[in-house]
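Numbering-wise, the numbering used here comes out as the position in the sequence shown, counting from 1, plus 19.
For each residue, glycine too, the CB sits at the ideal point set by N, CA and C.
One structure is given below, encoded as structure tokens.
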Amino acid sequence: MKNKHLIPLVLILLTVFSSFSSYGQNKEYYELKTYTIKNDDQEKRVDAYLKDAYIPALKRMGIENIGVFKVRPDKFKLSDKIYVLIPFKTLAEFDKLDAMLAVDKAHLDSGADYINATHDKKPYERISSVLMRAFPDMPVMRPSSVDGERKDRVYELRSYEGPTEAMYHRKVDMFNEGGEVELFENLGFNAVFYADVISGDKMPNLMYMTTFSDMDKRNALWKNFVDSDKWKEISVMDKYLNTVSNADIFLLYPTEYSDY
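Printed below as a string of structure tokens:
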């Protein structure tokens with residue numbers, strides 16, 4: 020009799036543990052590294068390191084679709100950032116990255132100027148890093164295939180912070196169950212990724228990137244988005260109201276050595 024009741028309990032526990040172990044299993048992880056620079060010399064040295072040493076080393080490790088972006092020219096804004104977006108299939112792949120770079124001779128040789136920089140000739144002011152996990156409705160990165168001159172392209176990176184964890188999760192639900200990701204897809208926003216920030220200086224937070232051939236295309240698609248019946252429907256739902264406490268919008272373009 021005891022075994023008869025025990026078997027269903029064991030099956031339930033196995034199901035629970037299995038669901039935990041598979042959580043995020045098919046979702047990619049993304050690191051967004053941001054280099055802050057102060058002059059042309061630093062920009063050239065970081066560019067040279069990324070192009071000739073860092074990205075080739077990542078590709079030798081089997082990491083593909085690495086994006087490198089800079090801030091689109093704006094007379095009101097100082098373009099002092101270089102963004103590097105790196106996809107990882109697992110957290111283990113992310114975890115071993117630095118150790119692999121440290122023993123990659125080609126990386127050490129090609130990046131010597133950057134790696135061995137002295138304190139009075141540093142190649143950047145600081146590096147910040149954000150680690151993300153892909154949304155279920157887009158578990159794998161889709162590198163953009165927009166056409167046109169790279170300098171004209173718009174890679175729009177958005178960061179949405181939530182006022183509380185609970186309200187943040189409702190905003191994430193709005194993207195997935197609520198259909199916001201599907202709406203972006205239907206309108207042709209060419210999204211690269213949507214993801215939860217799981218480690219960063221702004222929490223709780225989600226980030227996503229959409230892409231356009233130029234600013235005119237970007238502005239036209241956002242108008243279509245705001246005017247769409249779907250957005251008008253979900254944006255007024257009580258459960259989705261006031262779920263974003265701060266939104267940062269970065270308009271970027273891809274460097275010549277970016278994978279997309």
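Exposed or buried, what is residue i when buried is set at 16 or more other beta-carbons lying within 10 Å of its beta-carbon?
i: S40; result: Bear in mind that the predicted position of S40 carries a pLDDT of just 40, short of 50, making it unreliable; the figure below should be weighed with that in mind. Answer is exposed; the Cβ neighbour count stays below 16.
i: V29; result: With a pLDDT of only 40 at V29, under the threshold of 50, the placement of this residue in the model should not be trusted; the figure read from the coordinates follows. Burial call: exposed.
i: I146; result: exposed
i: D66; result: buried
i: A76; result: buried
i: V149; result: buried
i: T137; result: exposed
i: T230; result: buried
i: S163; result: buried
i: V159; result: exposed
i: L110; result: exposed
i: E47; result: buried
i: P92; result: exposed
i: E252; result: exposed
i: L176; result: buried
i: G218; result: The question names Gly, yet the displayed sequence has Ser at residue 218. It is exposed - the Cβ of S218 has fewer than 16 other Cβ atoms within 10 Å.
Whole angstroms is fine: what's the gap from residue i's alpha carbon to residue j's?
i: N195; j: E204; result: 12 angstroms
i: T53; j: Y102; result: 5 angstroms
i: K78; j: K242; result: 38 angstroms
i: M256; j: E199; result: 13 angstroms
i: D171; j: S232; result: 7 angstroms
i: D128; j: L69; result: 13 angstroms
i: A125; j: D192; result: 44 angstroms
i: V122; j: M80; result: 12 angstroms
i: D132; j: I268; result: 33 angstroms
i: L225; j: A72; result: 30 angstroms
i: N135; j: N58; result: 19 angstroms
i: T55; j: V165; result: 27 angstroms
i: G43; j: G130; result: Bear in mind that a pLDDT of 43 at G43, under 50, signals an unreliable position, so the model cannot answer this.
i: R161; j: S277; result: 14 angstroms
i: I74; j: G197; result: 37 angstroms
Could you tell me the boundaries of the alpha helix (DSSP H) in which residue i lies?
i: M222; result: That residue, M222, is in no alpha helix (DSSP H); it is neither H nor E in DSSP.
i: M119; result: 116 to 121
i: D201; result: The sequence given here places Glu at residue 201; Asp does not occur at that position. Where E201 is concerned, the enclosing alpha helix (DSSP H) stretches over 199 to 206.
i: I134; result: 131 to 134
i: F154; result: First-last for F154: undefined, no H or E at that position.
Terminal residues of the continuous beta strand (DSSP E) containing residue i?
i: A266; result: 265 to 273
i: I3; result: Residue 3 lies beyond the stretch modelled for the chain, which goes from 20 to 279, so this question has no answer here.
i: R172; result: R172 -> no beta strand (DSSP E), and no H or E assigned at all.
Alpha carbons only, please: which of the options is nearest the one belonging to residue i?
i: V245; options: L206, S264, E83, V159; result: L206
i: T274; options: K57, N45, K63; result: K63
i: K236; options: F208, M226, L260; result: F208
i: W250; options: G219, E201, L110; result: E201
i: G167; options: Y279, Y49, E50, M222; result: Y279
i: P182; options: D60, V87, T262, Y276; result: T262
i: R169; options: A72, P223, F88; result: F88
i: L270; options: E83, D59, M228, N84; result: M228
i: E83; options: L104, N45, K140; result: L104
i: E50; options: I85, Y259, K258; result: I85
i: N45; options: D60, F107, N238; result: F107
i: Y179; options: P223, P142, Y272, V165; result: P223
i: S264; options: L240, K221, A239; result: K221
Kindly confirm or deny that the region 210 to 218 and the region 150 to 157 touch, where touching means at least three C-beta pairs closer than 8 angstroms.
-> Touching, yes, given that three or more Cβ pairs across the two stretches are closer than 8 angstroms.
Looking at C-beta atoms only, is the number of pairs between the region 104 to 118 and the region 182 to 193 that lie closer than 8 angstroms three or more?
-> Taking one beta carbon from each stretch, the region 104 to 118 and the region 182 to 193 have fewer than 3 pairs nearer than 8 angstroms; the two do not touch.
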